[in-house]
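In the working numbering, the protein residues as written are 26 to 113.
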């Protein structure tokens with residue numbers, strides 16, 4: 026995954042940002058990749074992108090804003106769509 030992230034960063038001229046367990050992940054789901062280590066989704070936030078484990082529930086949200094919290098096992102607990110809030 027790191028090699029793919031670095032290669033994409035060079036091709037897209039955008040920084041690759043790794044996500045850690047407990048970290049908030051948000052952006053637009055842009056693309057899916059299949060590697061020998063699993064499937065990954067590219068999530069772009071306008072300033073860079075992250076590669077996270079892909080799940081079937083993410084696929085129907087391509088080109089849409091998604092957000093979630095990265096888990097220690099590499100997965101993400103997803104929330105789909107923007108929500109209205111106080112924005113504090």
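C-beta atoms are modelled at their ideal positions from N, C-alpha and C, and glycine is treated no differently. Note that this is a predicted model, so its numbers are computed, not measured.
Nearest-angstrom Cα separation, counted from residue j out to residue i
i          : j           : result
residue 38 : residue 30  : 11 Å
residue 34 : residue 105 : 25 Å
residue 73 : residue 44  : 12 Å
residue 57 : residue 95  : 17 Å
residue 68 : residue 79  : 10 Å
residue 1  : residue 46  : One cannot answer for residue 1 here, as it falls past the ends of the chain, which runs 26 to 113.
residue 63 : residue 36  : 22 Å
residue 82 : residue 92  : 13 Å
residue 77 : residue 32  : 16 Å
residue 41 : residue 61  : 20 Å
Cross-strand partners of residue i (DSSP beta bridge)
i          : result
residue 52 : 91
residue 96 : DSSP, once it has assigned bridges, lists no residue as partnering residue 96.
residue 32 : In DSSP, residue 32 forms no bridge with anything.
residue 73 : Answer by DSSP bridge pairing: none, since residue 73 is not bridged.
is_contact[residue i, chain B] using C-beta, thresh 8 Å
i          : result
residue 85 : In the structure shown, chain B cannot be found, because there is only a single protein chain.
Presumed contact (8 Å Cβ cut-off) between residue i and residue j, rounded CB distance
i          : j          : result
residue 53 : residue 88 : 6 Å
residue 70 : residue 51 : 6 Å
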